[in-house]
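Colleague:
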Amino acid sequence: MFEKKKVEKRRKDEDLFKVVDSTLSPRTYVLLEEIASKLNIDYYLGAISSGKEAKVYPAKTVDGKYYAVKIYYISTSASKRAIQKYTFGDKRFEDIKVTNTRQLIITWARKEFKNLSIMYDSGVNVPKPVLVEENILVMDFIGENGNRAPLLKELSEDEITKDLYDEVISQLEIMVNKAKLVHGDLSEYNIMVWDKVYIIDVSQAISIESENAIDLLIRDIENMNRFFSSKGIEVYPTEDILKRLNIT
Ligand code: ADP
Ligand code: MN
1105 MFEKKKVEKR RKDEDLFKVV DSTLSPRTYV LLEEIASKLN IDYYLGAISS GKEAKVYPAK
1165 TVDGKYYAVK IYYISTSASK RAIQKYTFGD KRFEDIKVTN TRQLIITWAR KEFKNLSIMY
1225 DSGVNVPKPV LVEENILVMD FIGENGNRAP LLKELSEDEI TKDLYDEVIS QLEIMVNKAK
1285 LVHGDLSEYN IMVWDKVYII DVSQAISIES ENAIDLLIRD IENMNRFFSS KGIEVYPTED
1345 ILKRLNIT
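So this is what it looks like as structure tokens:
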């Protein structure tokens, strides 16, 4: 009886992680199991992306709903430096002691969750944040049946319109004026287009009050203007957008 239960349990675990690759730490597996039982996740699918700092996996619930599960690597020294740069001077994170890499990554994941929550509550189109556990962030899945929506970068020429540009700029406006945040890494790679435009990858977003926030905002705007004008869209001068955002 006991033996049988053990075998069944093991088979269940294997199913849960069938398509998750083997690069994850044992601790991450434990957390993924806990998250699965909390959210009724039936199984995790193979990674849809692996960037410098994180991998993203779809997860399917028993009810057929999908989540996006972003797992941060316990990082390299390069991303450690980047994190320190971005969290330094951010009042919301001043009281968090960053003593080791693991703690740094957990802070980083929490920061993305917090930024997502503020943006979501302020009406920015972002994936709805669901939970954060150590280095794992769960949010709503943008796409259908575990197939992610295309990035702005992946759209065909005729899908890139002035209306889409206006939508992006109005998201920027809500982000700055309602959420009081600057994305800081806005590009055609961090925008998904589905039923509407979604802003993603907000871990490095900082308060508009931060020291270098305006410089980052200008860079975000210029990234968008560069992308859309390269597609033949007539863009607004950066100055005009800043004025519209009440930043002079
Ligand atoms: P990073 O660029 O740091 O690796 P991102 O947050 O940009 O991390 O996510 C990486 C990729 O994962 C995105 O380009 C997108 O393809 C996919 N992705 C991220 N969030 C979601 C989501 N909520 N739903 C569907 N796919 C997502
Ligand atoms: Mn990204």
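Just so we're aligned, residue 1105 is where the sequence shown starts under this note's numbering, counting upward by one. Backbone N, C-alpha and C fix where the C-beta goes; we use that ideal spot for every residue, glycine too. Every value quoted in this text rests on a predicted model; they were computed, and no experiment measured them.
Take every Cβ of the segment 1210–1225, pair it with every Cβ of the segment 1278–1289, and state whether three or more of those distances are shorter than 8 Å.
Modeller: Yes, since at least three Cβ pairs between the segment 1210–1225 and the segment 1278–1289 fall closer than 8 Å, the two stretches touch.
Colleague: Taking all protein chains shown into account, do 16 or more other C-beta atoms lie within 10 angstroms of the C-beta of E1292, making it buried, or fewer, making it exposed?
Modeller: With 16 or more Cβ atoms within 10 Å of its Cβ, E1292 is classed as buried.
Colleague: Whole angstroms is fine: what's the gap from L1208's alpha carbon to R1348's?
Modeller: So the two alpha carbons sit approximately 36 Å from each other.
Colleague: Applying the criterion that 16 or more other CB atoms from any shown protein chain within 10 Å of the CB defines a buried residue, is R1114 buried or exposed?
Modeller: Bear in mind that a pLDDT of 47 at R1114, under 50, signals an unreliable position, so the model cannot answer this.
Colleague: Beta-carbon distances below 5 Å to any heavy atom of the ligand MN define the shell here; list its residues in chain order, please.
Modeller: Residues with a Cβ closer than 5 Å to any heavy atom of the ligand MN, in chain order: N1294 and D1305.
Colleague: Starting from the C-beta of I1312, find all residues in its chain whose C-beta is less than 7 Å away, skip the five residues before and the five after it, and write them out in chain order.
Modeller: Result list for I1312: V1280, K1284, L1285 and V1286, in chain order.
Colleague: By a C-beta neighbour count over all protein chains shown, 10 Å radius and 16 as the cutoff for buried, is N1360 buried or exposed?
Modeller: The requested residue 1360 does not occur in the structure, where the chain is confined to residues 1105 to 1352.
Colleague: Fully enclosed by the segment 1304–1342, which alpha helix (DSSP H) runs are 4 residues long or longer?
Modeller: Taking only runs of at least 4 residues, the alpha helix (DSSP H) segments lying wholly in the segment 1304–1342 are 1317–1334.
Colleague: Can you name the start and end residues of the beta strand (DSSP E) that T1165 belongs to?
Modeller: First-last of the beta strand (DSSP E) with T1165: A1158 to T1165.
Colleague: Can we count K1174 as close to the ligand ADP, meaning its CB is less than 7 Å from some heavy atom?
Modeller: Because some heavy atom of the ligand ADP lies under 7 Å away, the Cβ of K1174 counts as near it: yes.
Colleague: Quick one: does the C-beta of I1152 sit closer than 7 Å to a heavy atom of the ligand ADP?
Modeller: The answer is yes for I1152.
Colleague: Under the rule that 16 or more other beta-carbon atoms within 10 Å means buried, what is P1130, buried or exposed?
Modeller: It is exposed - the Cβ of P1130 has fewer than 16 other Cβ atoms within 10 Å.
Colleague: Relative to the C-alpha of V1242, which residue among I1264, E1338 and R1214 is closest?
Modeller: Cα-wise, what sits closest to V1242 is R1214.
Colleague: Quick one: is the Cβ of P1130 within less than 7 Å of any heavy atom of the ligand ADP?
Modeller: P1130 Cβ: outside cutoff for every heavy atom of the ligand ADP.
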